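S.K.: Please read through the structure below; I'll follow up with questions.
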Amino acid sequence: MRFCMVTTFYPPWSFGGDAIFVEALGRGLTEAGHEVEVVHCLDSYLALAPADLAAAVPPPTPSPIRVHTLRSRAGILSPLATQQTGRPIFKAALRRLLGAGRFDVIHFHNVSLVGGPAILECDAITLGVDRLA
Numbered sequence: 771m772r773f774c775m776v777t778t779f780y781p782p783w784s785f786g787g788d789a790i791f792v793e794a795l796g797r798g799l800t801e802a803g804h805e806v807e808v809v810h811c812l813d814s815y816l817a818l819a820p821a822d823l824a825a826a827v828p829p830p831t832p833s834p835i836r837v838h839t840l841r842s843r844a845g846i847l848s849p850l851a852t853q854q855t856g857r858p859i860f861k862a863a864l865r866r867l868l869g870a871g872r873f874d875v876i877h878f879h880n881v882s883l884v885g886g887p888a889i890l891e892c893d894a895i896t897l898g899v900d901r902l903a
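So for the sequence shown, my numbering puts the first residue at 771; every next one is plus one.
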């Protein structure tokens, strides 16, 4: 099966438990023979991390998980607009990925700064249409 995991933070651009859980779940699924892709928001991490920590993040460790890192020219305005509106503002790549119909399962985890309530209203048929616009 093909899984997509949508989360705000993902290692190494994370602060702890929620991201580690998503990574462990993804690794477990790949070990069981599934294809896994993760979508996370680098803008959110950079907005919340102290400058010295954000600059010191190492490159991600090689993994069978395909990672899609959302980053917009809007920078901190991207997670701020998403949090304030409850919609995935400045995240057209997310709409394209989820709207393509290429996943059997979409797992949402800690989506407050990636799409909030609007992304949770969607289903496989409506993704990529007007609800995420």
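For each residue, glycine too, the CB sits at the ideal point set by N, CA and C.
Keep in mind that this is a model prediction, so the values were computed, not measured.
Since residue 795 sits in a beta bridge, which residues does DSSP pair it with?
M.R.: By 1-based counting over the sequence shown, the position of residue 795 is 25. DSSP output for residue 795 lists no bridge partner at all.
S.K.: Any chance the stretch 868-881 sits against the stretch 836-849, with 3 or more Cβ pairs inside 8 Å?
M.R.: Touching, no.
S.K.: Between the Cα of residue 880 and those of 788, 773, 781, spot the shortest distance and give me the residue it belongs to.
M.R.: By 1-based counting over the sequence shown, the position of residue 880 is 110. Ranking the options by Cα distance to residue 880, first place goes to 788.
S.K.: What are the start and end residues of the beta strand (DSSP E) that includes residue 778?
M.R.: Position 8 of the sequence shown, counted from the first residue, corresponds to residue 778. Premise fails: residue 778 is in no beta strand (DSSP E) and is neither H nor E.
S.K.: The alpha helix (DSSP H) that contains residue 857, what's its start and end?
M.R.: By 1-based counting over the sequence shown, the position of residue 857 is 87. Per DSSP, residue 857 belongs to no alpha helix (DSSP H) and is neither H nor E.
S.K.: Pick from 853, 810, 801: whose alpha carbon is nearest that of residue 771?
M.R.: Here the question's residue 771 lines up with position 1 in the sequence shown. Of the listed residues, the one whose Cα sits closest to residue 771 is 801.
S.K.: Pick helix, strand or coil for residue 883, following the three-state DSSP scheme.
M.R.: Stepping through the sequence shown from its first residue, residue 883 is reached at position 113. Residue 883: coil per DSSP, three-state reduction.
S.K.: Indicate whether residue 773 and residue 812 have their beta-carbon atoms separated by less than 9 Å.
M.R.: Residue numbering aside, residue 773 sits at position 3 when the sequence shown is read from its first letter. Residue numbering aside, residue 812 sits at position 42 when the sequence shown is read from its first letter. No. Outside cutoff.
S.K.: For residue 832, count the other beta carbons within 10 Å of its own beta carbon; 16 or more makes it buried, fewer makes it exposed. Which is it?
M.R.: For the purposes of this step, residue 832 is taken as residue 62 along the sequence shown, with counting starting at 1. Its Cβ having fewer than 16 others within 10 Å, residue 832 is exposed.
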